[in-house]
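K.L.:
First residue of the sequence shown: 1, per the UniProt record's numbering; consecutive thereafter.
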Amino acid sequence: MTGAAARAAEFCVASLDALGRLEKLDALAGPLRRVVRGLPLGRYRDVLHGLPIGHPLHPALVQVPMGAWLSAAVLDAVPGTRRGARLLVGVGILTAGPAAWAGWVDWAEQHEEQMRTGLVHAASIAVAVGLYARSWVHRGRGHTVRGKVLGFAGLCAAGTGGMLGGHLAYRQAAGANKAEPVPHLLDGGWHPIGRVEDFPVGEAVRRELGEVPLLVVRLAGGHIHVLAGRCSHLSGPLTEGTVTDGCVVCPWHGSAFRLSDGANVRGPATAPQPSFQVSVDGEGTVRVRLPGAG
């Protein structure tokens with residue numbers, strides 16, 4: 001990469017990183033977050049988070065409007081395809097709504113830096129939808145050239161939003177499974193973590209195994225459950241959470257994980273917690289093992 005290209009790339013990345021530090025956006029983010037969290041979505045909130053499919057739903061939903069708009073741009077370059085291009089523009093506008101719903105629900109459960117970048121991402125997509133809506137109207141009135149120009153402008157805005165979405169997903173790790181590295185940080189085999197009496201019944205106790213914090217809970221029946229101690233959503237400390245109904249609830253965003261196997265029963269987390277096998281020897285020493293570790 002030449003010096004000029006390297007400087008341009010560095011400036012682009014620095015500009016994207018700077019969005020997460022725009023504290024002025026907090027004045028808008030705070031009220032919006034309260035509105036989104038207060039929506040009476042019920043069980044559909046977990047659906048919008050993507051809990052049933054095991055990862056965020058928003059990235060999957062955006063493929064439809066983006067694909068429709070990109071296809072419309074291709075048809076705009078081909079003679080005699082005005083009706084098809086207008087149809088695709090309309091499909092993109094209609095399907096942008098569900099994608100936006102899923103995105104807003106995820107956005108409301110992120111850290112401040114991610115929320116700031118997310119606001120700019122949402123603004124870019126809102127501009128794209130507005131441009132495409134005008135494009136659809138002008139196409140219907142027979143103003144084809146104007147409709148095409150607005151469509152290409154909308155594609156540029158949507159592409160900018162897509163780049164910001166990629167920055168959110170990969171640079172800022174929004175939506176990524178924070179518990180995925182756990183098996184790679186541990187050695188295989190059994191490891192002692194204490195004695196039975198070290199774990200009061202019904203209380204969440206923190207232990208560390210190498211670099212990995214653990215959540216240890218001993219139930220009234222004597223069963224001891226051990227999960228990775230950092231929430232798969234945004235690394236919240238599960239040992240500071242609430243233990244209830246056989247689950248632990250993350251204190252940061254309310255994700256609930258079943259103690260017996262780490263399954264996530266409520267979002268916004270979409271990935272389970274690594275669950276350790278537990279063994280107690282005759283002297284009362286508790287040992288744990290994570291299948292697949294090492």
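Here a beta-carbon is modelled for each residue, glycine too, at the ideal position from N, C-alpha and C.
For a quick check, are the C-beta atoms of P192 and T285 less than 8 Å apart?
P.N.:
Start at 1 with the first residue of the sequence shown, and residue 192 comes out as number 192. Start at 1 with the first residue of the sequence shown, and residue 285 comes out as number 285. Taking 8 Å as the Cβ cut-off, P192 and T285 qualify as a contacting pair.
K.L.:
Excluding sequence positions up to five away, which residues of its chain have a Cβ less than 6 Å from the Cβ of residue 296?
P.N.:
No information on residue 296 is available, as it lies outside the stretch 1 to 294 that the chain covers here.
K.L.:
Measuring alpha carbon to alpha carbon, tell me which residue in Y44, A157, G241 and L214 is nearest V278.
P.N.:
Translated into the one-based positions of the sequence shown, residue 278 becomes position 278. For V278, the nearest C-alpha among the options comes from L214.
K.L.:
Taking only three categories from DSSP, how would you classify F199?
P.N.:
Along the sequence shown, one-based indexing puts residue 199 at 199. Coil at F199, not helix or strand.
K.L.:
In terms of DSSP beta bridges, what is T270 paired with?
P.N.:
For the purposes of this step, residue 270 is identified with residue 270 of the sequence shown, where counting begins at 1. In the DSSP output, where bridge partners are listed per residue, T270 has none listed.
K.L.:
Please report the straight-line C-alpha distance between A126 and A100, rounded to a whole angstrom.
P.N.:
Mapped onto the sequence shown, residue 126 falls at position 126. Mapped onto the sequence shown, residue 100 falls at position 100. Computed Cα separation, rounded: 9 Å.
K.L.:
Alpha carbon to alpha carbon, how far is G80 from E10? Give it in angstroms, no decimals.
P.N.:
For the purposes of this step, residue 10 is taken as residue 10 along the sequence shown, with counting starting at 1. For the purposes of this step, residue 80 is taken as residue 80 along the sequence shown, with counting starting at 1. Roughly 43 Å between the two C-alpha positions.
K.L.:
Which residues in the same chain as L70 place their Cβ atom closer than 8 Å to its Cβ, once the five residues preceding and following it in sequence are excluded?
P.N.:
Along the sequence shown, one-based indexing puts residue 70 at 70. Hits under 8 Å: L155.
K.L.:
What separation, rounded to the nearest whole angstrom, lies between the Cα atoms of R258 and V248?
P.N.:
For the purposes of this step, residue 258 is taken as the residue at position 258 of the sequence shown. For the purposes of this step, residue 248 is taken as the residue at position 248 of the sequence shown. Using only the alpha carbons, I get a separation of about 7 Å.
K.L.:
Terminal residues of the continuous beta strand (DSSP E) containing V243?
P.N.:
Residue mapping note: residue 243 aligns to position 243 of the sequence shown, counting from 1. It spans T242 to T244 - the beta strand (DSSP E) in which V243 sits, taken as one unbroken run.
K.L.:
Assign L61 to buried or exposed, taking buried as 16 or more other Cβ atoms, counted over all protein chains shown, within 10 Å of its Cβ.
P.N.:
Here residue 61 refers to the residue found at position 61 of the sequence shown. Around the Cβ of L61, a 10 Å sphere holds 16 or more other Cβ atoms; the residue is buried.
K.L.:
State the DSSP-derived secondary structure class of C247, mapped to helix, strand or coil.
P.N.:
Taking the sequence shown and counting its residues from 1, the one referred to as residue 247 is at position 247. C247: strand per DSSP, three-state reduction.
K.L.:
Along the alpha helix (DSSP H) that carries R139, what are the first and last residues, could you check?
P.N.:
For the purposes of this step, residue 139 is taken as the residue at position 139 of the sequence shown. Note, R139: alpha helix (DSSP H), E112 to G140.
K.L.:
Per the DSSP calculation, P192 is bridged to which residue(s)?
P.N.:
As a first step, residue 192 must be located in the sequence shown, where it is residue number 192. For P192, which the question treats as bridged, DSSP gives the partners R287.
K.L.:
By the three-class DSSP mapping on this structure, what secondary structure does V78 have?
P.N.:
Against the sequence shown, residue 78 aligns to sequence position 78. Reduced to three states, the DSSP call for V78 is coil.
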